[in-house]
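Everything below concerns the one structure shown next.
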Amino acid sequence: MVEGKKVLLGISGSIAAYLACDLVRRLIKAGAQVQVIMTAGAKEFITPLTLQTLTGRPVIQGLFDEVKQWDVEHVGAAQWADVFVIAPATANVMAKLARGLADDSLSATFLACTKPKVIAPAMNTAMYENPATRENEALLKKRGCLIVEPQSGLLACGDTGKGKLADTDLIFQHIEYALQKEKPLQGISLLVTAGPTRETIDPVRFISNLSSGRMGYAIAYQAWLLGAEVTLVSGPVDLPPPPPCRMINVNSAAEMAAAVLQAAPSAQIIIKAAAVADYTPKIKAQHKIKKQEGELSLELTRTTDILAALGQQKQPGQVLVGFAAETEGLLEHAKAKLIKKNADLLAANDLTSPGSGFGVATNQLLLLWADGKSRELALMTKEEAARQLLLAAREIWQNKNTI
Ligand code: CTP
């Protein structure tokens, strides 16, 4: 999404200015071109040389400095950009941007820029909560700017509260969101499950599987980028944070079943990407099981098949998407699951094929529709596969909901 895109990054005078360097690195690594504009205040915290070195481009500074890249620097930069990001944005800069002042390079370029804008505020809590700042932020929001809310925590000034610059990951996600112009899932609430489940044997042991959660998280992220309201029910995973969404963390198959069945009635599209345990120990030992001579058998009982339960209570117009993880007989097993569980779409993957399945960044999906249609997707990143799957689900949703 960010690859090949031109990002104009305005840095203003907050101690969080040094964190902008991390954002620049992240954007450059993702293949973006970054042009930095610094206010006089920003230069008190970090030097233009740092940013010039990181971006490979001279930093735009004073409004009346010698022109370096464009005939009229602030207008040229505004036209060059695909997206304009202000991170960190101080209270003063937000006030200027909200009121349309243009007395320095950053504010003048902002006023001249018609591209999507992302603003990540950072300041003292009282300043952030001041009605003046609240009003300025609301005004910027109303005019279409995406605000990446600051986080709560210990601030550099010693206070504790809201005002810390949002994490680089979150700002990066919002930049991608701003760059994604078409939002075909706007207005759709989408429920997705991800990761493995853990079935407790005793206080220190469990049964689980190799699912990393990457496919489910990629679906959640892409669905958010495409405009959906996302609820993510996740088993235990070790992944970077998901996109801004309603997040429900669970451990066991029973917990996942309870969370999903509760959230399902308000979802228009449900995607079951989690690798749910089919069996759980019949008795969960209160204390650590001690080893003894001879063999040990664990008695297991079946868990709820969540997808099948959702299939039974599917509402008119609702779209149900399942996965099938197979090591043999991909097509037959996947077809059987699609029918048995009353899904509308099934994404099957062969766990034995290189680049597919658990733990890797790529996937090769075979999509099966309830009407017998099928499509084999090429080997692609899980992000791309997620997008293809979402567009297919959205088409079914549209067909079901068009009178
Ligand atoms: N699934 C589920 N609840 C379970 C087991 C599976 O909701 N208790 C869902 C998975 O999230 C997936 C689909 O059912 O969307 C197929 O899962 P998979 O593990 O491939 O198949 P199973 O139905 O478990 O069948 P089998 O283990 O026999 O392959």
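The opening position of the sequence shown corresponds to residue 3 in the numbering used here, with each subsequent residue numbered one higher. Every residue gets a Cβ at the ideal spot worked out from N, C-alpha and C, and that includes glycine.
Three-state secondary structure assigned by DSSP to residue i
| i | result |
| --- | --- |
| residue 75 | helix |
| residue 312 | helix |
| residue 123 | strand |
| residue 191 | strand |
| residue 300 | coil |
| residue 184 | coil |
| residue 55 | helix |
| residue 40 | strand |
| residue 216 | helix |
| residue 263 | helix |
| residue 66 | coil |
| residue 135 | helix |
| residue 177 | helix |
| residue 17 | helix |
| residue 148 | strand |
| residue 253 | coil |
| residue 258 | helix |
| residue 47 | coil |
Minimum C-alpha distance to residue i - residue among the options
| i | options | result |
| --- | --- | --- |
| residue 163 | 347, 152 and 110 | 152 |
| residue 15 | 181, 92 and 73 | 92 |
| residue 55 | 90, 24 and 79 | 24 |
| residue 271 | 42, 105 and 399 | 399 |
| residue 247 | 343, 259, 221 and 254 | 221 |
| residue 379 | 74, 373 and 394 | 394 |
| residue 200 | 183, 171, 254 and 194 | 254 |
| residue 362 | 382, 373, 346 and 371 | 382 |
| residue 49 | 275, 34, 20 and 70 | 20 |
| residue 371 | 161, 325 and 227 | 325 |
| residue 317 | 291, 39 and 403 | 403 |
| residue 28 | 236, 103, 175 and 41 | 175 |
| residue 364 | 225, 214 and 168 | 214 |
| residue 81 | 100, 112, 251 and 95 | 112 |
| residue 42 | 126, 75, 94 and 8 | 94 |
| residue 202 | 392, 100, 134 and 256 | 256 |
| residue 124 | 304, 234, 374 and 18 | 18 |
| residue 360 | 334, 224 and 212 | 212 |
| residue 264 | 225, 308 and 278 | 308 |
| residue 330 | 187, 351, 35 and 32 | 351 |
| residue 210 | 291, 240, 194 and 281 | 281 |
| residue 353 | 347, 366 and 345 | 366 |
| residue 8 | 252, 98, 37 and 356 | 37 |
| residue 190 | 349, 217, 232 and 74 | 232 |
| residue 128 | 161, 118, 224 and 96 | 161 |
| residue 52 | 22, 342 and 239 | 22 |
| residue 1 | 99, 322, 150 and 285 | Residue 1 cannot be examined here, being either before or after the span of the chain that is shown, 3 to 405. |
| residue 276 | 259, 290, 289 and 269 | 259 |
| residue 66 | 306, 195, 168 and 107 | 107 |
| residue 292 | 315, 274, 205 and 321 | 205 |
Beta-bridge pairing of residue i - partner residues as DSSP gives them
| i | result |
| --- | --- |
| residue 399 | Paired residues: none, contrary to the question. |
| residue 325 | 349 |
| residue 87 | 11 and 120 |
| residue 278 | Answer is none; residue 278 lacks a bridge partner. |
| residue 1 | Nothing about residue 1 can be reported from this structure: the residues present for the chain run from 3 to 405 only. |
| residue 331 | Residue 331 is not bridged to any residue. |
| residue 27 | According to DSSP, residue 27 bridges with nothing at all. |
| residue 155 | 163 |
| residue 204 | 207 |
| residue 1 | This structure gives no information on residue 1, because the portion of the chain shown stretches from 3 to 405. |
| residue 198 | 277 |
| residue 35 | 8 |
| residue 272 | 193 and 322 |
Contact belief for residue i with residue j at Cβ below 8 Å, rounded distance in angstroms
| i | j | result |
| --- | --- | --- |
| residue 219 | residue 198 | Actually they do not touch by this definition, with Cβ atoms about 13 Å apart. |
| residue 312 | residue 266 | 6 Å |
| residue 6 | residue 87 | Not quite, the Cβ-Cβ distance comes to about 16 Å (not below 8 Å), so this is no contact. |
| residue 368 | residue 327 | So it is not a contact: roughly 12 Å between Cβ atoms. |
| residue 157 | residue 132 | Actually they are not in contact, since the Cβ atoms of residue 157 and residue 132 sit about 15 Å apart, beyond 8 Å. |
| residue 236 | residue 217 | At roughly 12 Å, the Cβ-Cβ gap does not stay under 8 Å, so residue 236 and residue 217 are not in contact. |
| residue 121 | residue 141 | With a Cβ gap of about 11 Å, residue 121 and residue 141 do not count as contacting. |
Any non-hydrogen atom of the ligand GTP within 7 Å of residue i CB
| i | result |
| --- | --- |
| residue 325 | Absent from the structure shown: the ligand GTP. Ligands present: the ligand CTP. |
> If you scan the segment 357-394 from start to end, which runs of the beta strand (DSSP E) of 3 or more residues do you find wholly inside it?
Replying inline: 368-371 and 376-378
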